[in-house]
Ligand code: PGA
């Protein structure tokens, strides 16, 4: 039996107490009976507001980042233990916006994955090439290097991570990768995970980058695309629900 698809919303730095409440209520109401795993990765201050999700088995709570340190004098940081206390089940690590704007190196991303795994949280490890790297024919080399760092540090439990392939040129641009482009990279990542763990079939490999109601279905039927990491479209209940619907159909 195939594993359940995972659809995770990445709200990025968006939301308000009122907007979050309306969005989450609409998503829960609309997804009744959905046979896939659905999560929302929210800004850290809203984890407290969204504690209702701890008791709602349908929609799971996620975070967007975590400190690479356990605890201590790291002003502004949020630890994996804190996320755990708030019922966080998934944590995005190594998003390209953090690699780009906050200088996160592969080794830092690997440490973040290690810390959340140690607290029983599933890291959603993001990898992806820039447009220049794709045009230079370096896509495979770049994503494999990014994933290799996480495998190196977390080899013993690598089948417990989720991976998101997010081509940087597709994020927030409306330019979704074609199903063939995405599938090609997902197959590479699957083979790399298989060589490392022997259990690559257990790992959800998500596609992210302008996935929306129109593009979701053709991506989610690809053999190695096990879900989506959804930015802009996760902020509108109807769009997010249509993607969840596409994940259901793809599995059936
Ligand atoms: P997007 O973002 O769906 O708005 O392109 C995806 C992401 O950055 O995770």
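In our numbering, the protein residues as written are 6 to 257. We put the beta carbon where it would ideally sit given N, CA and C, even for glycine. What you are looking at is a predicted structure, and each value in this text was computed from that prediction instead of being measured.
Query                                                                                                                                                                                       : Result
Give every residue of the same chain whose Cβ lies closer than 7 Å to the Cβ of residue 33, excluding the five residues on either side of it in the sequence, and list them in chain order. : 61, 63 and 64
Under 8 Å by Cβ, that's how I've got residue 238 and residue 217 pegged, so tell me the actual separation to the nearest angstrom.                                                          : 5 Å
Tell me the DSSP bridge mates of residue 41?                                                                                                                                                : Paired residues: none, contrary to the question.
What span of residues does the beta strand (DSSP E) with residue 211 cover, start to end?                                                                                                   : 210-213
Kindly give me the distance between the Cβ atoms of residue 119 and residue 174, rounded to whole angstroms, as I take these residues to be in contact under 8 Å.                           : With 8 Å as the limit, residue 119 and residue 174 do not qualify as a contact, their Cβ atoms being about 29 Å apart.
What span of residues does the beta strand (DSSP E) with residue 127 cover, start to end?                                                                                                   : 127-132
Note down the Cα distance separating residue 182 from residue 46, rounded to an integer number of angstroms.                                                                                : 22 Å
Any heavy atom of the ligand PGA closer than 7 Å to the Cβ of residue 214?                                                                                                                  : yes
Hey, out of 98, 92, 125 and 43, whose CA is closest to residue 165's CA?                                                                                                                    : 125
Between which two residues does the alpha helix (DSSP H) holding residue 217 run?                                                                                                           : It is not in any alpha helix (DSSP H) - residue 217 carries neither H nor E in the DSSP assignment.
Among the candidates 77, 94 and 81, whose CA atom is the shortest distance from the CA of residue 58?                                                                                       : 94
Among 100, 131 and 212, which one has its Cα closest to the Cα of residue 258?                                                                                                              : An answer regarding residue 258 cannot be provided, because it is not within the stretch 6 to 257 covered by the chain.
Quick one: residues in its chain with C-beta nearer than 7 Å to the C-beta of residue 149, no 5 flanking neighbours on either side, listed in chain order?                                  : 193 and 197
Report yes if the CB atom of residue 253 is closer than 8 Å to the CB atom of residue 41, and no otherwise.                                                                                 : yes
With a threshold of 7 Å on Cβ separation, who are the neighbours of residue 249 within its own chain once the five nearest residues in sequence on each side are excluded?                  : 12, 36, 39, 41 and 43
Report buried or exposed for residue 127, applying the criterion of at least 16 other Cβ atoms within 10 angstroms of its Cβ.                                                               : buried
Determine the direct distance from the alpha carbon of residue 27 to that of residue 105, and round the result to whole angstroms.                                                          : 32 Å
Smallest Cα separation from residue 24: which of 190, 10, 9 and 55?                                                                                                                         : 55
For the ligand PGA, is there a heavy atom less than 7 Å away from the beta-carbon of residue 19?                                                                                            : no
Does the beta-carbon distance from residue 163 to residue 236 come in below 8 Å?                                                                                                            : no
So does residue 136 have its beta carbon nearer than 7 Å to some heavy atom of the ligand PGA?                                                                                              : no
State yes or no: is the C-beta of residue 129 within less than 8 Å of the C-beta of residue 78?                                                                                             : no
Kindly indicate the opening and closing residues of the alpha helix (DSSP H) around residue 154.                                                                                            : 144-159
Could you tell me which of 214, 88, 116 and 110 sits nearest to residue 52, measuring between CA atoms?                                                                                     : 88
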